[in-house]
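Structure, as structure tokens:
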Amino acid sequence: MTNSDPKSNPGEPAELRSFARTRTRGLTARQQDVVDRLSEEVTIGPNVNDGQDAAALFDAKFDDVWIEIGFGGGEHLLWQARNNPEVGLIGCEPFRDGVVRVMTAIDSEKLTNIRLLADDARPLLRSLQPESIGRAFVLFADPWPKKRHHKRRLINPGLADLLARVLKPNAELRVATDIDDYLQAILLTFHLHSSFQWLAERPTDWRHRPDDWPETRYQTKAIREGRSCAYLRYRRI
Numbered sequence: 004m005t006n007s008d009p010k011s012n013p014g015e016p017a018e019l020r021s022f023a024r025t026r027t028r029g030l031t032a033r034q035q036d037v038v039d040r041l042s043e044e045v046t047i048g049p050n051v052n053d054g055q056d057a058a059a060l061f062d063a064k065f066d067d068v069w070i071e072i073g074f075g076g077g078e079h080l081l082w083q084a085r086n087n088p089e090v091g092l093i094g095c096e097p098f099r100d101g102v103v104r105v106m107t108a109i110d111s112e113k114l115t116n117i118r119l120l121a122d123d124a125r126p127l128l129r130s131l132q133p134e135s136i137g138r139a140f141v142l143f144a145d146p147w148p149k150k151r152h153h154k155r156r157l158i159n160p161g162l163a164d165l166l167a168r169v170l171k172p173n174a175e176l177r178v179a180t181d182i183d184d185y186l187q188a189i190l191l192t193f194h195l196h197s198s199f200q201w202l203a204e205r206p207t208d209w210r211h212r213p214d215d216w217p218e219t220r221y222q223t224k225a226i227r228e229g230r231s232c233a234y235l236r237y238r239r240i
């Protein structure tokens, strides 16, 4: 896969965006104040130094570093940060509203174990030190339902390669979707990848949400609209 910035790879095509928009409305005075005060402290750019140690992105020393790609409204990211204070979490989300929502929670709750990337996660995955992430989450990525847009789907062999690169041996990858044809594509992608082992042993292992997998507003909406959710867990081998 190529970098999302064509200038960094002259002669190569730009990487297709897996997201359609980055903002919906202006910021309130309170939100702007939070952004002004915290941006330098909690946000990172997509093009960190090659070989960047994920742990070095944090001021404090943590037992492990996890990453969530596309955290949406931030419900899952914040739950993990609150319930795993010994873990540093990198949250990647190009949609500004979600980033500001998480920054506001960081400010009000004085959370110190979150770093935010308000951009495409893939350049960051290329730059991080190999085997520096202990767990990754890709939950309810945009399904791009029209067939002609399937090439924009985030979860594909290229992303699987990037995740295999940054995940530690035996690290866990968690993926969720409520779209049947996307589920089939995801299952095939990781089935064909030599670096991932699906941990499900029975249907209930992926049809029911684990206790440490909090419900998000998107999942609630999917269930309300009658769609079943799949909760996939993989081990990096």
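Using my numbering, read the sequence shown as starting at 4 and increasing by one per residue.
Backbone N, C-alpha and C define an ideal beta-carbon position, used for all residues, glycine too.
Do residue j and residue i come within 7 Å of each other at the CB atom, strictly closer than that value?
{"i": "Pro126", "j": "Pro49", "result": "yes"}
{"i": "Pro195", "j": "Arg238", "result": "Here residue 195 is Leu; the residue named in the question, Pro, does not match the sequence. In this structure, Arg238 does not lie closer than 7 Å to Leu195 by Cβ."}
{"i": "Gly94", "j": "Glu71", "result": "yes"}
{"i": "Thr220", "j": "Gly76", "result": "Checking the sequence, you will find Arg at residue 220 rather than Thr. Yes, the Cβ-Cβ distance between Arg220 and Gly76 is below 7 Å."}
{"i": "Leu119", "j": "Val102", "result": "yes"}
{"i": "Pro160", "j": "Tyr185", "result": "no"}
{"i": "Phe65", "j": "Val90", "result": "yes"}
{"i": "Asp181", "j": "Cys232", "result": "yes"}
{"i": "Trp69", "j": "Leu92", "result": "yes"}
From what residue to what residue does the alpha helix (DSSP H) around residue i run?
{"i": "Arg239", "result": "Counting along the chain, Arg239 falls outside any alpha helix (DSSP H), though it belongs to the beta strand (DSSP E) covering 233–239."}
{"i": "Asp67", "result": "Per DSSP, Asp67 belongs to no alpha helix (DSSP H); it is in the beta strand (DSSP E), 67–72."}
{"i": "Asn86", "result": "78–86"}
{"i": "Glu43", "result": "32–45"}
{"i": "His194", "result": "183–194"}
{"i": "Lys224", "result": "220–227"}
{"i": "Leu128", "result": "125–130"}
{"i": "Trp209", "result": "207–210"}
If you follow the beta strand (DSSP E) that residue i is in, where does it begin and where does it stop?
{"i": "Phe199", "result": "199–201"}
{"i": "Phe140", "result": "136–142"}
{"i": "Gly48", "result": "Element bounds for Gly48: n/a, residue is neither H nor E."}
{"i": "Gly101", "result": "From DSSP, Gly101 is part of no beta strand (DSSP E) but of the alpha helix (DSSP H) over 99–112."}
{"i": "Gly91", "result": "90–95"}
{"i": "Arg177", "result": "170–180"}
{"i": "Ile117", "result": "117–120"}
To the nearest whole angstrom, what separates the beta carbons of residue i and residue j, a pair I think is in contact under 8 Å?
{"i": "Leu165", "j": "Ala57", "result": "At roughly 13 Å, the Cβ-Cβ gap does not stay under 8 Å, so Leu165 and Ala57 are not in contact."}
{"i": "Val37", "j": "Thr107", "result": "5 Å"}
{"i": "Leu157", "j": "Gly73", "result": "7 Å"}
Taking 8 Å as the cut-off, does the stretch 166–178 touch the stretch 138–157 (at least 3 CB pairs, one atom from each stretch)? Yes: the two stretches touch, three or more of their Cβ pairs being nearer than 8 Å.
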